[in-house]
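Sequential numbering from 15 applies to the sequence shown in this note's numbering. Where is the CB? At the ideal position from N, CA and C, for every residue including glycine. Being a predicted model, the structure only gives us computed values, none of them experimental.
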Amino acid sequence: MRIAIIGGGYVGLVSGACFAEFGVSVAVVEADAAKRQMLLGGQIPIYEPGLDRLVADNVAAGRLTFPAALEEGIHDAEAVFIAVGTPTRRGDGHADLTYVFAAVEQVLRALDHPVVIVTKSTVPVGTGRKILELARELRPDLAVDVASNPEFLREGSAIGDFMRPDRVVVGAESERAREVLRQLYRPLNLIETPIVFTGLESAELIKYAANGFLAMKITFINEMADLCEKVGADVNDIAKGIGLDGRIGRKFLHAGPGFGGSCFPKDTLALMRIAEEAGAPSRLIQSVVAVNDARKEAMAARVVAACGGDVTGKTIAVLGLAFKPETDDMREAPSLPLVRGLISRGARVQAFDPEAMTQARPLLPESVVLAADTAEALTGADALVLVTEWNEFRALAPAKLKELMRGNAVIDLRNVFDPKAMREAGFIYSGIGRAA
Ligand code: UGA
Numbered sequence: 015m016r017i018a019i020i021g022g023g024y025v026g027l028v029s030g031a032c033f034a035e036f037g038v039s040v041a042v043v044e045a046d047a048a049k050r051q052m053l054l055g056g057q058i059p060i061y062e063p064g065l066d067r068l069v070a071d072n073v074a075a076g077r078l079t080f081p082a083a084l085e086e087g088i089h090d091a092e093a094v095f096i097a098v099g100t101p102t103r104r105g106d107g108h109a110d111l112t113y114v115f116a117a118v119e120q121v122l123r124a125l126d127h128p129v130v131i132v133t134k135s136t137v138p139v140g141t142g143r144k145i146l147e148l149a150r151e152l153r154p155d156l157a158v159d160v161a162s163n164p165e166f167l168r169e170g171s172a173i174g175d176f177m178r179p180d181r182v183v184v185g186a187e188s189e190r191a192r193e194v195l196r197q198l199y200r201p202l203n204l205i206e207t208p209i210v211f212t213g214l215e216s217a218e219l220i221k222y223a224a225n226g227f228l229a230m231k232i233t234f235i236n237e238m239a240d241l242c243e244k245v246g247a248d249v250n251d252i253a254k255g256i257g258l259d260g261r262i263g264r265k266f267l268h269a270g271p272g273f274g275g276s277c278f279p280k281d282t283l284a285l286m287r288i289a290e291e292a293g294a295p296s297r298l299i300q301s302v303v304a305v306n307d308a309r310k311e312a313m314a315a316r317v318v319a320a321c322g323g324d325v326t327g328k329t330i331a332v333l334g335l336a337f338k339p340e341t342d343d344m345r346e347a348p349s350l351p352l353v354r355g356l357i358s359r360g361a362r363v364q365a366f367d368p369e370a371m372t373q374a375r376p377l378l379p380e381s382v383v384l385a386a387d388t389a390e391a392l393t394g395a396d397a398l399v400l401v402t403e404w405n406e407f408r409a410l411a412p413a414k415l416k417e418l419m420r421g422n423a424v425i426d427l428r429n430v431f432d433p434k435a436m437r438e439a440g441f442i443y444s445g446i447g448r449a450a
C-alpha cells in the first residue's frame, strides 16, 4: 500500500515513520525546502525519542521518502493524509484552517486518480464535510472519499502511542474509505487494538472531546491541590484515592503548574468556540480554559510567596523550560509566564532545560541567564523552582543542592522531590497541594 502525508511536522513525521514501519510506502510531502533537506540528511527538526532512528531506518529501507513535489508524492497513493498545522486563529480562538484547505486544494487539483483524503490534523467539526464538498466541486470527475482519523499521540512518547494506541478512531462516509484505513492499521490487529468507526463529525468531535476531558481532569486535580493546601490534605493521596476507582482512572491526575503544550490550550479554546457557535456552549470547558490560564499566571506569585514575599535581587534557579519532559517544545509552556513574572518582580533567573534551550531563548526576557547545565543553574541560587519533571532533575539529591545553592527555598511545581528528605536537609520545601 502507498500513502502520502502532507506536512512533515510533528504529527506528519511521526505518523509517516510509523506507517512506514508497518510496511506501508509513505511519501511525506514537506513544503519547507530547508526542513526537507534536513530530513533527507537524516536530521529530525524536533526532539522526539526514537524518531531519528525510525526515520533513518525507513528511509534506508526505501519505505519512507520526502519528495520535493506534491504531485510526485500523491501520484500513486491510495490515501492522502493531511497533517498540516491548525494553530489558534488570532483574535477569536478558532482553529486556523488556512493550511488545511490550501493543502486539500493543492491535492485535489493535482490528483490523477481517486483517493481517500484523510484528515490527521485536529480540525473543527464540519471540516471533513467541507472537504467532501470541495472535492465534488473541484473534481467531479474523480471519486474522492474523505475520512477523519484523529491522532492521540503525546509528545515524548509519540512512537509508542502510535504503535500501541488504546484505540484508533476512523470517521468515514464510504466503505472504501473504511477499508483503506482498516488495511493501513492492520498490524494493530495483532495487539487487538479497537478501531472505532464513526461518521465524519463524530470522529472530529472525539478528538476535541478527548483533549477537553483530559484537560478538565488536570484542571480538576489542580483545583483539588489548592484546596489540599488550605485544609492540610495531600493531593497525591487524593489522586491515588480517587484514581483507583476504575470509573475515574489514575492517569492525568498529576497536579502541577497548569497544562501547556501545542494541543490542550489550543484544543480547549477551539472546543469552547465550536460549542458556543453550535449553540451548545460548554461552561465546563470555558472554566477549564480560564482556570488554567489563571493558574499559569499565578505561579510567579506562588514562588515569590515561598521566597518570603520578595524576590528583588534574589537569584532563582528554574529547572525545566519545555512544557513537559522528553520534548523541546516551548509552546504555551508554564515556564514562560513564570520566568517573565519573576523577572518583572526583580529576580535574577538562572534557567536550564536538557533540550529546550534554543527554543526557549527568543521567548524569554534577555536578562535570563541560560545555564550550561543543572549545576550551573543551581550555583549561588537563593531558590530552586522545579518546573518540568525531567528525570535528571528528579534524581537531584538534597546534599547536592546544599552544596551548590546559596539559599534554602525549594519550590517543586511537579511534586517530584521527597518533602521529608528536603526538610530534613534544611530546605524550606513547598510542593503543589502538599500541606506545609
Ligand atoms: C496531548 C494528549 O495527551 C494526546 O493524547 C494528544 O494526541 C495530544 O495532546 C494532541 O492533541 O496532539 P501532549 O500535549 O503531547 O498530548 O502532552 P500531555 O502529556 O498530554 O501533556 C499536556 C500538558 O498537561 C503538559 O503541560 C503536562 O505537564 C500537563 N499534565 C499532564 C499535567 O499537568 N498533569 C497530568 O496529570 C498530565
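* Asked: Is it a yes or a no for the segment 358-367 touching the segment 383-391, going by three-plus beta-carbon pairs under 8 Å?
  -> Yes, the segment 358-367 touches the segment 383-391.
Let me confirm a value: N405 is counted as buried when at least 16 other C-beta atoms fall within 10 Å, else exposed. Which label applies? Here residue 405 is taken as the residue at index 391 of the sequence shown, counted from 1. Around the beta carbon of N405, a 10 Å sphere encloses fewer than 16 other beta carbons of the protein chains shown; the residue is thus reported as exposed.
With T341 as the anchor, note down where its alpha helix (DSSP H) starts and where it stops. As a first step, residue 341 must be located in the sequence shown, where it is residue number 327. No alpha helix (DSSP H) contains T341, which DSSP labels as neither H nor E.
Using only the alpha-carbon positions, how far apart do P81 and A34 sit? Looking up residue 81 in the sequence shown gives position 67. Looking up residue 34 in the sequence shown gives position 20. In this structure, the straight-line span from the alpha carbon of P81 to that of A34 is close to 15 Å.
* For T102, write down the residues that DSSP places opposite it in a beta bridge. => Here residue 102 corresponds to residue number 88 of the sequence shown, with the count starting at 1. In DSSP, T102 forms a bridge with A109.
- Message: Once the 5 residues before and after K221 are set aside, which same chain residues still bring their CB inside 6 Å of it?
- Response: Taking the sequence shown and counting its residues from 1, the one referred to as residue 221 is at position 207. Within the same chain, and ignoring the five residues on either side of K221 in sequence, the residues whose Cβ sits closer than 6 Å to its Cβ are T136, P164.
Original post:
Considering only C-alpha positions, which residue in the set P154, F234, T141, R261 is nearest to E215?
Top reply: By 1-based counting over the sequence shown, the position of residue 215 is 201. Nearest C-alpha to E215: T141.
* To do: Please name the residue, chosen from F115, H89, A435, that lies closest to A97 on a Cα-to-Cα basis.
  => Against the sequence shown, residue 97 aligns to sequence position 83. Ranked by Cα distance from A97, the first of F115, H89, A435 is F115.
Taking only runs of the alpha helix (DSSP H) that begin and end inside the segment 71-96, which ones reach a length of at least 4 residues, in chain order? Fully enclosed alpha helix (DSSP H) runs of 4 or longer: 84-88.
- [ ] Specify whether the segment 98-107 and the segment 179-193 touch according to this definition: at least 3 beta carbon pairs, one from each stretch, less than 8 Å apart.
- [x] Here the segment 98-107 makes no contact with the segment 179-193; the two share fewer than three CB pairs at distances below 8 Å.
For D426, which residues in the same chain have their Cβ closer than 6 Å to its Cβ, ignoring the five residues on either side in sequence? In the sequence shown, residue 426 corresponds to position 412, counting from 1. Sequence-distant Cβ neighbours of D426 in its own chain, meaning closer than 6 Å and more than five residues away, are L400, G445.
> Does the ligand UGA have a heavy atom nearer than 7 Å to the CB of E165?
Replying inline: Locating residue 165 in the sequence shown gives position 151, counting from the first residue. For E165, the CB falls within less than 7 Å of some heavy atom of the ligand UGA.
For A439, the three-state DSSP class (helix, strand or coil)
On the sequence shown, position 425 is the one that residue 439 refers to. Three-state result, A439: coil.
Nearest to D106 (by Cα), restricted to the options K280, G394, G355 = On the sequence shown, position 92 is the one that residue 106 refers to. Selected option, being the one with the closest Cα: K280.
| With distances taken between CB atoms, is the gap from I60 to V43 smaller than 8 Å? | The residue given as residue 60 occupies position 46 in the sequence shown. The residue given as residue 43 occupies position 29 in the sequence shown. In this structure, V43 does not lie closer than 8 Å to I60 by Cβ.
* The beta strand (DSSP E) enclosing G185, as first and last residue numbers -> Taking the first residue of the sequence shown as position 1, residue 185 is located at position 171. 182-186 is the extent of the beta strand (DSSP E) around G185.
| task | Mark T388 as exposed unless 16 or more other C-beta atoms lie within 10 angstroms of its C-beta, in which case mark it buried. | result | Counting from one through the sequence shown, the residue named residue 388 turns up at place 374. Within 10 angstroms of the beta-carbon of T388 lie 16 or more other beta-carbons, which makes it buried.
* Asked: Is the Cβ-Cβ distance between A83 and V194 less than 8 Å?
  -> As a position in the sequence shown, residue 83 is number 69, starting the count at 1. As a position in the sequence shown, residue 194 is number 180, starting the count at 1. Their beta carbons are not under 8 Å apart, which means A83 does not touch V194 by this criterion.
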